[in-house]
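Let me begin by presenting the structure, written as structure tokens, before commenting on it.
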Amino acid sequence: MTASPATESPAIRRGGVIWRGGGTLVFLAILAVFPLVLQNPTVTTIAVDTLIFAAAAVAWNIFSGYSGYISLGQAVFFGAGAYTVGIAARAWHLNGDAVFALLPLAAAVAAGLAVPLGLISLRVRRHTFVVITIAFFFIAQLTATNLSVTGGSSGILAPSPNWDSATFNNPFYYTALALLVLAIAASWLIRGSRFGLQLRAIRDDEDRAAGLGVRAMPVKLAAFVISAIVIGMAGGLWFYFIGQAIPQFAFDPLFDLSIVVMAFFGGLGTIAGPVLGALVIEPVQQWLTLQYTNEYLSEILLGVLFLAVILGLPRGVIPTGAEKISWLRTRLRSRREAAVQPDAGSPAPPGSPPREPREAREAREAREAQGAREARP
Amino acid sequence: MTTMLRAASVSKAFGGVQALQDCTITVEEGTIAGLIGPNGSGKTTLFNIMTGYERVDGGDVYLGDRNITNLQPQRVFALGIGRTFQLTRIFPRLTVMENMLVAAQHTGHGRTRNPLARAGGRADRQRATDLLEFAGIARHADALADTLSYGQRKLLELSYVLVADPAIVLLDEPAGGVNPSLIHHIADRIRELNAAGKTFLIVEHNMEFVMGLCGHVTVLDYGTVVATGPPEIIRSDPRVLDAYLGIAEEDDDAPGQ
Chain E
1 MTASPATESP AIRRGGVIWR GGGTLVFLAI LAVFPLVLQN PTVTTIAVDT
51 LIFAAAAVAW NIFSGYSGYI SLGQAVFFGA GAYTVGIAAR AWHLNGDAVF
101 ALLPLAAAVA AGLAVPLGLI SLRVRRHTFV VITIAFFFIA QLTATNLSVT
151 GGSSGILAPS PNWDSATFNN PFYYTALALL VLAIAASWLI RGSRFGLQLR
201 AIRDDEDRAA GLGVRAMPVK LAAFVISAIV IGMAGGLWFY FIGQAIPQFA
251 FDPLFDLSIV VMAFFGGLGT IAGPVLGALV IEPVQQWLTL QYTNEYLSEI
301 LLGVLFLAVI LGLPRGVIPT GAEKISWLRT RLRSRREAAV QPDAGSPAPP
351 GSPPREPREA REAREAREAQ GAREARP
Chain Y
1001 MTTMLRAASV SKAFGGVQAL QDCTITVEEG TIAGLIGPNG SGKTTLFNIM
1051 TGYERVDGGD VYLGDRNITN LQPQRVFALG IGRTFQLTRI FPRLTVMENM
1101 LVAAQHTGHG RTRNPLARAG GRADRQRATD LLEFAGIARH ADALADTLSY
1151 GQRKLLELSY VLVADPAIVL LDEPAGGVNP SLIHHIADRI RELNAAGKTF
1201 LIVEHNMEFV MGLCGHVTVL DYGTVVATGP PEIIRSDPRV LDAYLGIAEE
1251 DDDAPGQ
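As given, the protein sequences belong to chains E and Y, one line each in that order. At position 120 of the first sequence (counting the first as 1) the number is 120 in the numbering used here, and the numbers step up by one without a gap. Counting the second sequence from 1 gives a position; the numbering used here is that position plus 1000.
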């Protein structure tokens, strides 16, 4: 017998922490020096855009990934942040670095919107919830088109700072990086916390969680608002960077689709997944748009990728990859043991529960899921 | 003896179906009470009403002296009623330990309630580990609950309900779909917990299990209480035999009965 999992898992966990912590530091160091090394404005423009989307995808995952409530309406908060910065900068004649100081205001407006929208939509679940968030999205877009304060269909222009053109993108880049770090820190803190555990319990079985004392509504609403705060700031930053907001781009259905694909691609409910998804998908999308100027190409590819991920990698790259690695490790270890004790064969890893055949297990799960649905009040 | 849990004249209809009709049941503190009846007689509906998952049409539910009628499930749990479900409901994508910690967060022994604190303090984890050892599934603590077998899931559900130390535990078919040796294991655990002072109310179809475990049995049929009393009286009550046991024995010609 090898060491029982109970004694070896802390060591593995500690090793994991060192790897992960070190990896995160290296990753952040690369991101920090990136615009100093690669100064081509085309590259840094794509980089800023990617960081903004990464922050938004991480924020989307904090709510939808952890709670299982798939929102297709987070663009409401993105657009609200954009218009907040636009209207406030115009009203107070702000320009240059001062515009960045409006991001907390964008966060506050997004949070203020998220509370009533959450109280309405979080009363329902699954598909009904998704449909309601899409409805919010269209209401927001129509409102922006029809109000005079948002500039109607011609939108609103951002102040244009007179920064040196060679390093023009740098303030945007580092603000976006700070936002991404904030989002990742929030995601990490929440995932390991009792709040995060309650969210994930709600994802798995909300009624059962309530029966164990979880107050579902405040928990869901808090996650929804936190997600909106980060996405609102991402929207405000994006607006200042792009230079204008018009209703169909500030409230863009492709924004929602993109961040959802990013999170699914990398791994729903993981910390690194949405970051990985954004780092892979957004540059490709931007590059295709710049290369071929035909926006539809990147949209078609996004759709194809979405299908491929859902069909081929439903749990995302990171969970599937992690599983493959641990499977390989177990195999290597058991092979080494088999070499030491030739007569031991290849024992199943200790502590692993008895395996049922895949078909039997799927059939049982389907049965149980069916039963659970029927039993639900 | 003092009354722990009481449903008084509870009624509940689903559309035209009268699931419960003027139903009264009492569970005394420190006992193991049984609730039996044919399929569709209203046992699970009564559980759902007592734990806040369904609202009553009429009648009241009391925990001790406190009226808990129509309170939300999380309130009912916080007041000290834990329950399991007929079809075991665990959190499949959480680890076994995380499953335990979901309920552990609400015991609130005067601890700070910082929601961003790491899930599961040292005391919570220790208590969770003790209970998993008691149930016999501690070696799976770090496994995803999804990988547990059906019987292990039953044990996990029983364990995490106990984490918060509820005053009374409602078990909905704890022996359903479980192999005979595990049934004995579960019955022994319930007996030990009861000896330590825990009160139980058990819905179960396995007669041997109920009659061997419970000191007091209530029989439901068509949403009304047909009989109530100690198992030996219930066994010979003609109304019960008519409503339930007669049919059950015809269906159940297992050897040794």
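The beta carbon of each residue, even a glycine, is placed where N, CA and C say it ideally should be. Bear in mind that the values here come from a model prediction, so they are computed numbers and not experimental data.
Under 8 Å, with one C-beta from each stretch per pair, do the segment 94-104 of chain E and the segment 159-168 of chain E reach the 3-pair mark? yes
List the residues of chain E that Pro1092(Y) touches, going by C-beta distances under 7 Å, in chain order. Sequence index remark: in the second sequence, residue 1092(Y) carries index 92 (1-based). Within chain E, the residues near Pro1092(Y) are Asp204.
Strictly below 7 Å CB to CB, what residues from chain E border Pro1115(Y)? Mapped onto the second sequence, residue 1115(Y) falls at position 115. Within chain E, the residues near Pro1115(Y) are Ser193, Arg194 and Phe195.
Three-state secondary structure assigned by DSSP to Lys1012(Y): As a working note, residue 1012(Y) is residue 12 in the second sequence. If DSSP states are grouped into helix, strand and coil, Lys1012(Y) belongs with the strands.
Chain E contact for Phe1200(Y) (CB, 7 Å cutoff): Residue numbering aside, residue 1200(Y) sits at position 200 when the second sequence is read from its first letter. False, the Cβ-Cβ gap to chain E never drops below 7 Å.
Which of helix, strand or coil does DSSP assign to Leu1020(Y)? Taking the first residue of the second sequence as 1, we reach residue 1020(Y) at position 20. Strand, per DSSP.
Does any residue of chain E bring its CB to less than 7 Å from the CB of Arg1006(Y)? Taking the first residue of the second sequence as position 1, residue 1006(Y) is located at position 6. No - not a single Cβ of chain E is within 7 Å of the one on Arg1006(Y).
Measure the Cβ-Cβ separation of Ser1011(Y) and Asp1057(Y) and say whether it is below 7 Å. Reading the second sequence from its first residue, position 11 is the one you call residue 1011(Y). Reading the second sequence from its first residue, position 57 is the one you call residue 1057(Y). Yes, they are a contact pair.
Please tell me whether Val1010(Y) has its Cβ less than 7 Å away from any Cβ of chain E. Residue mapping note: residue 1010(Y) aligns to position 10 of the second sequence, counting from 1. It does not: the Cβ of Val1010(Y) has no partner Cβ on chain E nearer than 7 Å.
Could one say the Cβ of Arg373(E) lies closer than 7 Å to chain Y's Cβ atoms, at least one of them? Taking the first sequence and counting its residues from 1, the one referred to as residue 373(E) is at position 373. Low confidence applies here, because Arg373(E) scores a pLDDT of 46, under 50, leaving its location unreliable and the question unanswered by this model.
For Arg126(E), count the other beta carbons within 10 Å of its own beta carbon; 16 or more makes it buried, fewer makes it exposed. Which is it? Translated into positions along the first sequence, residue 126(E) becomes position 126. That one is exposed.
Against chain E: residues of the segment 1066-1079 of chain Y by CB proximity under 9 Å: Gln1072, Pro1073, Gln1074, Arg1075, Val1076, Phe1077 and Ala1078
Distance check for Gly1215(Y) and Phe231(E), CA to CA, integer angstroms please. The residue given as residue 231(E) occupies position 231 in the first sequence. The residue given as residue 1215(Y) occupies position 215 in the second sequence. For the record, residue 231(E) in the displayed sequence is Ile; it is not Phe. Roughly 59 Å between the two C-alpha positions.
Which complete beta strand (DSSP E) runs does the segment 1194-1220 of chain Y hold, if anything under 3 residues is left out? 1199-1203
Which chain E residues sit within Cβ distance under 7 Å of Leu1101(Y)? Reading the second sequence from its first residue, position 101 is the one you call residue 1101(Y). Within 7 Å Cβ-Cβ: Leu197.
According to a CB-to-CB cut-off of less than 9 Å, which residues of the segment 1013-1038 of chain Y neighbour chain E? none
Contact set between the segment 99-115 of chain E and chain Y, restricted to residues whose Cβ is under 8 Å from the partner: none
Can you name the residues of chain Y whose CB is closer than 8 Å to the CB of Ala209(E)? By one-based count along the first sequence, residue 209(E) stands at place 209. Chain Y residues near Ala209(E): Phe1091 and Val1102.
Check whether the Cβ atoms of Ala110(E) and Phe77(E) lie closer than 7 Å to each other. On the first sequence, position 110 is the one that residue 110(E) refers to. On the first sequence, position 77 is the one that residue 77(E) refers to. Against a cut-off of 7 Å, the Cβ pair of Phe77(E) and Ala110(E) comes out as a contact.
The alpha helix (DSSP H) with Ala1141(Y) in it runs from where to where? If you number the second sequence from 1, residue 1141(Y) lands on position 141. First-last for Ala1141(Y): undefined, no H or E at that position.
Using a Cβ cut-off of 7 Å (strictly closer), state whether Arg315(E) contacts chain Y. Here residue 315(E) corresponds to residue number 315 of the first sequence, with the count starting at 1. So no, Arg315(E) is outside the interface.
Can you pull the chain E residues whose beta carbon is under 9 Å from the beta carbon of Thr1095(Y), in chain order? Position 95 of the second sequence, counted from the first residue, corresponds to residue 1095(Y). Under the 9 Å cutoff, chain E gives no residues; its nearest Cβ is about 10 Å from Thr1095(Y).
Would the segment 170-183 of chain E count as touching the segment 1042-1061 of chain Y if we require 3 or more Cβ pairs under 8 Å? no
Just to confirm before moving on: does the CB-CB distance between Asp252(E) and Ala75(E) stay below 7 Å? The residue you call residue 252(E) lines up with position 252 of the first sequence. The residue you call residue 75(E) lines up with position 75 of the first sequence. Yes.
Judging by CA-CA distance, which residue of Ser154(E), Leu182(E) and Ser71(E) is the nearest neighbour of Ala107(E)? Translated into positions along the first sequence, residue 107(E) becomes position 107. When only C-alpha atoms are compared, the closest one is Leu182(E).
Kindly give me the distance between the Cβ atoms of Thr1084(Y) and Pro1180(Y), rounded to whole angstroms, as I take these residues to be in contact under 8 Å. One-based indexing of the second sequence puts residue 1084(Y) at position 84. One-based indexing of the second sequence puts residue 1180(Y) at position 180. Wrong, their Cβ atoms sit about 20 Å apart, outside the cutoff.
Output the boundary residues of the beta strand (DSSP E) element that contains Leu1063(Y). Taking the second sequence and counting its residues from 1, the one referred to as residue 1063(Y) is at position 63. Gly1058 to Leu1063 is the extent of the beta strand (DSSP E) around Leu1063(Y).
In angstroms with no decimal places, state the Cα-to-Cα distance between Leu180(E) and Val1076(Y). For the purposes of this step, residue 180(E) is identified with residue 180 of the first sequence, where counting begins at 1. For the purposes of this step, residue 1076(Y) is identified with residue 76 of the second sequence, where counting begins at 1. Going by the C-alpha atoms only, they are around 41 Å apart.
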